[in-house]
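These notes concern the structure reproduced below.
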Amino acid sequence: MAGKRHWKAGEFPGTTAGPGSGTPRIPLKNVKKRLDARADAKAWACTVTEALADRVSSKNWQEALQVFEMLKEQPFYHPKEGTYMKLIVLLGRSGQPARAHQLFDEMLQQGCQPTSELYTALIGAYCRSGLLDEALQLLNDMKRSPLCQPDVYTYSTIIKACVDAARFDLIDVMYKDMAERSIAPNTGQVELMEKWYEKFRSYGVEPETRTLNILIGAYGKKRMYDKMSAVMEYMRKLAFPWTTATYNNVIEAFAEAGDAKNMEHTFNQMRSEGMKPDTKTFCCLINGFSKAGQFHKVVGMVKLAERLDVPANTSFYNAILGACARADDLMEMERVFRHMKHTQCDPDAVTYSILVEAYRKEGMTDKIYALHQENPTLVPADFVMV
1 MAGKRHWKAG EFPGTTAGPG SGTPRIPLKN VKKRLDARAD AKAWACTVTE
51 ALADRVSSKN WQEALQVFEM LKEQPFYHPK EGTYMKLIVL LGRSGQPARA
101 HQLFDEMLQQ GCQPTSELYT ALIGAYCRSG LLDEALQLLN DMKRSPLCQP
151 DVYTYSTIIK ACVDAARFDL IDVMYKDMAE RSIAPNTGQV ELMEKWYEKF
201 RSYGVEPETR TLNILIGAYG KKRMYDKMSA VMEYMRKLAF PWTTATYNNV
251 IEAFAEAGDA KNMEHTFNQM RSEGMKPDTK TFCCLINGFS KAGQFHKVVG
301 MVKLAERLDV PANTSFYNAI LGACARADDL MEMERVFRHM KHTQCDPDAV
351 TYSILVEAYR KEGMTDKIYA LHQENPTLVP ADFVMV
């Protein structure tokens, strides 16, 4: 009777079968050859992978691609996103954007999912070669892809190329696009904006009010108040009018910093100069006063907005709801939310996130569940869990 088998048939001569068993034994020397072959394959893979890393670090793109092709021929090798990223960056720095794009397409064919980082690397490859049209086409592709939306690094890459190419028209478009997507410039971009601004003037082109407002907004978000003031003084000197957008950028900067005193001073100056505040102005004021804990002034701003017939949109209601949540006044928050829906102003994801966080803080899971029932798309089931 055959004994219990511990390995697959033919894999190793290790059964406990009796002498009468008909299973042929594989000679030990053949087993050793097979094990050695496996070890050699693994060692070869490690060696070639190291060779690829070495070629990438030494910026030898031609040999890097050759080694990469050798690796792909092996059945055990499956390139990952990180490998493609390194090669695309290398090709971009080596002035080979077309090859970088070819590699990107190959990656998609292999079933790898694109990411914002990979798209940005490819955009960088085109930007380094001064091929802005191709870079902008990729930016549009990103915007159409829900999982690969452009971020601050994507825009930084394109804006730098626009500055180098003196494409001031495109720079303006990029910053406007960022503003619409609520993407704040980073420190590197502020430096780029300064470079762009200087190039404007070196070409004998004086920037428009809108251009300077973008610069003021960037300085404000980074709390670079000295530079923000310098641009505003420059506008005065050259008789550029301060617009509602100019004041909004300054008010927003102080609001984000919780500097209610300077924020209010700017708002009073705005009104004394006859500028009409808009919905964004009041959103910033409500946000700033609530951050500073001056809730009585929040009420005053809401009433003033009503008197001035300022349109109340979703952002306006969100600012009020946020102020109520900061004041731990859930009854008023719920009243504002009901009024918002009564006026046919649709709540958005921000609206529900404010409500959910306020209820979660008080442990009111029943209220969160009710919001989930009301709008399961914007308040998914996992929000109900505390």
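Note that the UniProt record's numbering has the sequence shown beginning at 1, numbered continuously upward. Just so it is clear, CB atoms sit at the ideal spot from N, CA and C, and this is done for glycine as well.
Can you tell me which of the three DSSP states residue i falls into?
i       : result
Pro-277 : coil
Ala-64  : helix
Ala-166 : coil
Gly-363 : coil
Val-379 : coil
Tyr-225 : helix
Lys-80  : coil
Val-384 : coil
Ser-156 : helix
Glu-73  : coil
Leu-238 : coil
Ala-349 : helix
Val-89  : helix
Ile-214 : helix
Ala-358 : helix
Cys-112 : coil
Val-310 : coil
Ala-230 : helix
Ile-171 : helix
Ser-94  : coil
Asp-177 : helix
Ile-26  : Here the model assigns Ile-26 a pLDDT of 47, short of 50, so the residue's position is not dependable, and the following value carries that caveat. Reduced to three states, the DSSP call for Ile-26 is coil.
Ile-286 : helix
Ile-368 : helix
Ala-292 : coil
Identify the continuous alpha helix (DSSP H) that holds residue i and give its terminal residues.
i       : result
Gln-109 : 97-109
Asn-262 : 260-272
Arg-307 : 295-307
Arg-335 : 330-342
Ser-58  : It is not in any alpha helix (DSSP H) - Ser-58 carries neither H nor E in the DSSP assignment.
Arg-326 : 314-326
Val-250 : 244-256
Counting only C-beta atoms, is residue i closer than 7 Å to chain D at any point?
i       : result
Ala-312 : In the displayed structure, chain D is absent; only one protein chain is listed.
Kindly examine the ligand ADP and report whether one of its heavy atoms sits closer than 6 Å to the Cβ of residue i.
i       : result
Thr-209 : Absence of the ligand ADP is noted for the structure shown, with no ligands found whatsoever.
Note to self: For a minimum of 4 consecutive residues, which ranges assigned as the alpha helix (DSSP H) are wholly contained in the UniProt repeat "PPR" (115-149)?
What the structure shows: 116-128 and 132-144
Next item on the list: Examine the Cβ distances between the stretch 226-234 and the stretch 263-281 and report whether three or more of them are shorter than 8 Å.
Entry: no
Margin query: Assess contact between the stretch 124-131 and the stretch 155-173, defined as three or more Cβ pairs (one per stretch) separated by less than 8 Å. Is contact present?
Written below: yes
Check: Three or more beta-carbon pairs under 8 Å between the stretch 316-325 and the stretch 280-294, yes or no?
Finding: yes
Next item on the list: Could you say if the stretch 326-344 and the stretch 371-380 meet the contact criterion of at least three C-beta pairs nearer than 8 Å?
Entry: no
Item checked: Contact the stretch 71-78 vs the stretch 53-60: 3+ CB pairs below 8 Å -> no
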